[in-house]
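*Asks:* With the first letter of the sequence shown counted as 1, position 72 gets the number 71 in numbering that gives the first Met the number 0; the numbers rise by one all the way through.
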Amino acid sequence: MNINGFVFHPKDLPDNYLLLSRFVITCCAADVYPVAVTVKFVGTRQTYPQDSWFQVKGKAIVETFAGNRQLVIEASEIKPIPVPKNPYQE
Numbered sequence: 000m001n002i003n004g005f006v007f008h009p010k011d012l013p014d015n016y017l018l019l020s021r022f023v024i025t026c027c028a029a030d031v032y033p034v035a036v037t038v039k040f041v042g043t044r045q046t047y048p049q050d051s052w053f054q055v056k057g058k059a060i061v062e063t064f065a066g067n068r069q070l071v072i073e074a075s076e077i078k079p080i081p082v083p084k085n086p087y088q089e
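1. Could you compute how far the alpha carbon of Leu-19 sits from the alpha carbon of Cys-27?
2. Kindly list the residues whose CB is nearer than 8 Å to the CB of Ser-51, restricted to its own chain and excluding five residues on each side of it in sequence; keep chain order.
3. Using the rule of at least 16 other Cβ atoms within 10 Å of the residue's Cβ for burial, across every protein chain shown, is Ile-60 buried or exposed?
4. CA-CA distance, Glu-76 and Tyr-16?
5. Are Val-31 and Phe-40 closer than 8 Å when you measure CB to CB?
6. Please confirm whether Lys-56 and Met-0 have their CB atoms less than 8 Å apart.
7. What's the gap between the Cα of Gln-45 and the Cα of His-8?
8. Count the other CB atoms, across all protein chains shown, that sit within 10 Å of the CB of Asp-11; report buried if there are 16 or more and exposed otherwise.
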């Protein structure tokens, strides 16, 4: 699996997890909404600053947070990328 996005650090996730996010636009800028996938990585959050853009390669696994099972990307590689010209997914 290979995904790109910007980092968000929710307070309720352990230090070795982050959310990789994108904004999705279906019609116009007024209907933009965020989507994110949880990424598990080796290291700490300071390695991946919030709002920085990264490309994540890894495999899909399932983990449980607060009693709920969810999809998580177990990262095998995380590398910084430039902010895309169009940060929205259509």
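Yeah, the Cβ is synthetic: ideal placement off N, Cα and C, and Gly gets one too.
*Replies:* With the given structure in hand:
1. Translated into positions along the sequence shown, residue 19 becomes position 20. Translated into positions along the sequence shown, residue 27 becomes position 28. When rounded, the distance between both Cα atoms is 22 Å.
2. Translated into positions along the sequence shown, residue 51 becomes position 52. Cβ within range, chain order: Phe-5, Val-6 and Pro-79.
3. Sequence index remark: in the sequence shown, residue 60 carries index 61 (1-based). So Ile-60 ends up on the exposed side.
4. Translated into the one-based positions of the sequence shown, residue 76 becomes position 77. Translated into the one-based positions of the sequence shown, residue 16 becomes position 17. Approximately 14 Å, taken between the alpha carbons.
5. For the purposes of this step, residue 31 is taken as residue 32 along the sequence shown, with counting starting at 1. For the purposes of this step, residue 40 is taken as residue 41 along the sequence shown, with counting starting at 1. Taking 8 Å as the Cβ cut-off, Val-31 and Phe-40 do not qualify as a contacting pair.
6. Along the sequence shown, one-based indexing puts residue 56 at 57. Along the sequence shown, one-based indexing puts residue 0 at 1. The Cβ atoms of Lys-56 and Met-0 sit closer than 8 Å to each other.
7. Here the question's residue 45 lines up with position 46 in the sequence shown. Here the question's residue 8 lines up with position 9 in the sequence shown. It is roughly 10 Å from the alpha-carbon of Gln-45 to the alpha-carbon of His-8.
8. One-based indexing of the sequence shown puts residue 11 at position 12. With fewer than 16 other Cβ atoms inside 10 Å of its own Cβ, Asp-11 counts as exposed.
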